[in-house]
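In full-length UniProt numbering, the protein residues as written are 1 to 108. C-beta: ideal position from N, C-alpha, C; glycine also. Since the model is a prediction, treat every value here as computed from it, not as a measurement. Data first, discussion second: the structure below is written as structure tokens.
Put into structure tokens, the structure is as follows:
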């Protein structure tokens with residue numbers, strides 16, 4: 001009998017699932033939700049429920065996969081403490097870098 005996924009596995013799976021869904025929605029949203037402009041409110045709500053169900057099934061499937069580098073018994077392994085500080089450091093680093101070649105010398 002397989003053991004239930006840990007909190008860390010579920011969080012990692014949700015993060016992966018959201019990333020996959022975002023990529024699909026960016027590339028071709030009609031694959032997941034159809035052409036919203038051609039749908040009435042009832043059909044849009046139905047598509048949203050299907051998308052939520054797809055996300056849940058994707059998370060459930062991904063949570064059963066092994067996580068590299070994460071202790072599956074440690075529910076705090078995937079916790080994002082200090083994320084705000086890291087984001088501030090990343091922004092400072094990006095601001096210190098030179099502009100891309102395409103925009104150098106152009107005036108706003």
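Asked                                                                                                   : Found
Buried or exposed (CB count within 10 angstroms, at least 16 for buried), residue 9                     : buried
Whole-angstrom distance between residue 21 and residue 13, CA atom to CA atom                           : 12 Å
Segment limits, alpha helix (DSSP H) that includes residue 4                                            : Run containing residue 4: none; DSSP gives neither H nor E here.
Beta-carbon separation (whole angstroms), residue 32 vs residue 51, contact threshold 8 Å               : 6 Å
Residue environment, residue 48, which counts as buried when at least 16 other CB atoms sit within 10 Å : exposed
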